[in-house]
Amino acid sequence: MTGPTAVGVDVGGTKAVAVLITSDATVLSREIVETPAEDVAAVLEAMRTVAIAVADDSAVAIGVGAAGLVERGTGTMRFAPNIAWRNVNIRDALTPLGLPTFVDNDCTAAVVGEFLAGAGRGVSDLLYAGLGTGIGGGIVSGGQVQRGAHGFAGEIGHIIVEPGGPLCGCGNHGCLETVASGRAIDRIGRERLGLDGYGVVEAARGGNADAKAILTQVGERLGEGLAGLANTLDPELIVIGGGAGTGAGDLLFEPAQRVLDETIEGAGFRPPVPIVPATFGADAVAIGAALWAFQESR
75 MTGPTAVGVD VGGTKAVAVL ITSDATVLSR EIVETPAEDV AAVLEAMRTV
125 AIAVADDSAV AIGVGAAGLV ERGTGTMRFA PNIAWRNVNI RDALTPLGLP
175 TFVDNDCTAA VVGEFLAGAG RGVSDLLYAG LGTGIGGGIV SGGQVQRGAH
225 GFAGEIGHII VEPGGPLCGC GNHGCLETVA SGRAIDRIGR ERLGLDGYGV
275 VEAARGGNAD AKAILTQVGE RLGEGLAGLA NTLDPELIVI GGGAGTGAGD
325 LLFEPAQRVL DETIEGAGFR PPVPIVPATF GADAVAIGAA LWAFQESR
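Encoded structure:
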């Protein structure tokens with residue numbers, strides 16, 4: 075007997091992932107399907123499909139981490155920059171499963187998981203950066219997860235760092251995620267090498283100097299953004315997860331750490347702020363959402 079379990083779902087612009095976990099974050103089962111970002115109904119159906127696939131009689135709750143502005147307490151996605159969601163109640167879509175359901179921003183869910191059971195365990199002030207299609211953030215300050223007045227805190231990818239730069243999914247130009255995310259790797263890779271983001275990472279790992287240069291450039295821009303956030307939030311630790319962060323690893327982390335160390339205010343006169351990979355890798359959102367559901371359902 076495993077005892078009670080919870081379902082965690084990570085739903086975003088390219089995929090929906092569900093896990094079934096125990097209270098100590100042990101993953102018992104996992105399911106993944108692709109999501110068509112432009113089709114709201116299809117994304118919701120994909121979310122239901124993966125949740126049903128992993129749920130069993132031991133499940134006591136469902137947690138969902140969704141990429142965008144999830145309104146606190148209602149389960150409503152007010153706006154998503156990379157999915158065609160506007161005022162969609164995600165919680166209602168899972169009501170037929172008959173389990174208490176809790177919906178949060180994807181990176182807020184991820185920081186819950188890393189704070190409770192991952193790389194941020196025992197850390198009172200923590201920043202999580204999720205690098206995927208875009209960039210999201212989760213914040214722990216003084217040992218408390220921060221959601222803001224409406225649940226919209228942590229949208230670090232939409233700080234404008236390059237006015238007039240590439241168009242972002244949020245409608246602005248030059249947001250951090252346009253120069254320092256998986257989408258940025260993909261865009262620059264196609265322009266310079268005719269490769270998508272996955273191809274750039276594969277080529278860089280194979281020793282291609284031009285591909286490595288792309289990841290160095292994106293990592294440096296990421297480091298600039300993280301230095302500004304470190305100045306604002308003063309975290310003890312920065313945890314990076316998401317598909318792009320997990321895939322590129324040190325090829326992004328090393329230039330990001332170098333630039334953060336060089337550009338943070340008072341460099342050399344303050345404790346270092348290490349950048350570390352998420353313990354739960356690409357499953358950080360789903361596992362965090364499930365752990366949060368455990369907490370909220372008690």
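Our numbering puts the sequence shown at residues 75 to 372.
For each residue, glycine too, the CB sits at the ideal point set by N, CA and C.
Per the coordinates, the alpha-carbon of D308 lies some 14 Å from the alpha-carbon of A203. In this structure, the beta-carbon distance from G317 to G139 does not fall below 8 Å.
L267 places its beta carbon less than 8 Å from that of D284.
With contacts defined as CB atoms closer than 8 Å, V128 and E105 qualify as a contacting pair. A140 sits in a strand when the DSSP states are folded into three classes. Counting along the chain, P351 sits inside the beta strand (DSSP E) bounded by residues I349 to P351. Rounded to the nearest whole angstrom, the C-alpha separation of T337 and Q291 is 15 Å.
In this structure, the straight-line span from the alpha carbon of I262 to that of T175 is close to 39 Å. In the DSSP annotation of this structure, the continuous segment of the alpha helix (DSSP H) that includes T182 starts and ends at D180 to A191.
Here L205 is actually not in contact with I213; their C-beta atoms are around 16 Å apart, not less than 8 Å. In this structure, A352 keeps its C-beta atom at 8 Å or more from the C-beta atom of G293. Judged by DSSP secondary structure, R160 falls within the beta strand (DSSP E) whose first and last residues are R160 to N163.
Assignment of beta-bridge partners to K89 by DSSP yields E108. Residues of the same chain with a CB within less than 6 Å of the CB of N305, apart from the 5 flanking positions on each side, are E339 in chain order. In the three-state reduction of the DSSP assignment, S132 falls in the coil class, being assigned neither a helical nor a strand state. By the criterion of a C-beta distance shorter than 7 Å, C244 is surrounded in its chain by P155 and H232, once the five residues flanking it on both sides are discounted.
Taking the Cα of F368 as reference, the smallest distance to any Cα among Q331, V85, V275 and A99 is reached at A99. S215 sits in a strand when the DSSP states are folded into three classes.
When the five nearest sequence neighbours on each side are left out, the beta carbons in the same chain lying within less than 7 Å of the beta carbon of I234 are those of N246, G248 and C249, in order along the chain. Non-local beta-carbon contacts of V91 in its own chain, meaning distances under 6 Å to residues more than five positions away in sequence, involve D84, I106 and A360 in chain order. For R152, there is no enclosing alpha helix (DSSP H); the residue is found in the beta strand (DSSP E) stretching over T150 to F153. Exposed is the label assigned to G238, since fewer than 16 other Cβ atoms lie within 10 Å of its Cβ. Residue pairing by DSSP places C249 opposite I234 in a beta bridge. As far as DSSP is concerned, I126 takes part in no beta bridge. Beyond the five residues adjoining it in sequence on each side, A125 comes within less than 7 Å, by CB distance, of V81, V83, A92, I136, L168 and L171 in the same chain, given in chain order. Within its own chain, the residues whose Cβ lies closer than 7 Å to the Cβ of S371, once the five positions on either side in sequence are excluded, are V134, A135 and P174, listed in chain order. Inclusion of G319 and L325 in the CB contact set at 8 Å is not warranted, their separation being larger than that value.
In the three-state reduction of the DSSP assignment, L296 falls in the helix class. Going by C-alpha positions, I259 is about 31 Å away from S215. At a Cβ-Cβ threshold of 8 Å, N163 and G149 count as neighbours.
Restricting attention to D166, G299 and N282, the CA atom closest to the CA of Q331 is found in G299.
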